[in-house]
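Structure first, then comments.
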């Protein structure tokens, strides 16, 4: 899992900027509607921390870099094709492309990550993946 600082930066950005569908973050309660409707399931992963500089005393004064991924699983009802999921995924990627938000820098992005969408019950998932890094 990511640091609280990275997670909160990403969560605040999405909640402030995304209005197209409901957002569901890891371990949040979200009762599925009786009729399937679009939503985005959000996961934020990070690797705790890599030392990015040397020579400072004490050692903790060096630059430390956290790198992670933001997974935005665009969930759409089965049977409607992948076009809507791709459009929503692109809009989500565009919220972060080339952005430095607080201490988090957003880097490469992929829609589908080279894998086909997947079906989960009454839903189809198209995942947008965005790599990020945070220095401290």
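Numbering (the working numbering), first residue to last: 82 to 217. Glycine included, each C-beta is placed from N, C-alpha and C at the ideal position. What you are looking at is a predicted structure, and each value in this text was computed from that prediction instead of being measured.
Any idea which residues DSSP pairs residue i with across the strands?
i           : result
residue 199 : 206
residue 153 : 123, 209
residue 187 : 213
residue 132 : 145
residue 105 : 122
Less than 9 Å separating the beta-carbons of residue i and residue j?
i           : j           : result
residue 182 : residue 94  : yes
residue 217 : residue 138 : no
residue 173 : residue 153 : yes
residue 210 : residue 113 : no
residue 129 : residue 84  : yes
Measure the C-alpha to C-alpha separation of residue i and residue j and round it to an integer number of angstroms.
i           : j           : result
residue 178 : residue 213 : 10 Å
residue 110 : residue 165 : 24 Å
residue 126 : residue 149 : 5 Å
residue 207 : residue 167 : 7 Å
residue 193 : residue 161 : 17 Å
residue 262 : residue 87  : The first residue shown for the chain is 82 and the last is 217, placing residue 262 beyond what the model contains.
residue 163 : residue 201 : 14 Å
residue 134 : residue 189 : 23 Å
Apart from the five residues just before and just after residue i, which ones in its own chain have a Cβ nearer than 6 Å to its Cβ?
i           : result
residue 176 : 98
residue 203 : 117, 159
residue 119 : 102, 157
residue 187 : 177, 180, 211, 213
Taking C-alpha atoms, which residue in the options lies nearest to residue i?
i           : options            : result
residue 121 : 168, 161, 105      : 105
residue 124 : 115, 134, 131, 89  : 89
residue 107 : 142, 134, 92       : 92
residue 155 : 191, 132, 128, 185 : 191
Residues in the same chain with beta-carbon distance under 7 Å from residue i, minus the five sequence neighbours each way, listed in chain order, please.
i           : result
residue 101 : 169, 172
residue 132 : 143, 145
residue 82  : 126, 127
Spell out whether any CB of chain C is found under 9 Å from the CB atom of residue i.
i           : result
residue 128 : The structure shown contains no chain C; it holds only a single protein chain.
Can you find the residues in the same chain that come closer than 8 Å, C-beta to C-beta, to residue i, ignoring five residues on each side of it along the sequence?
i           : result
residue 136 : 143
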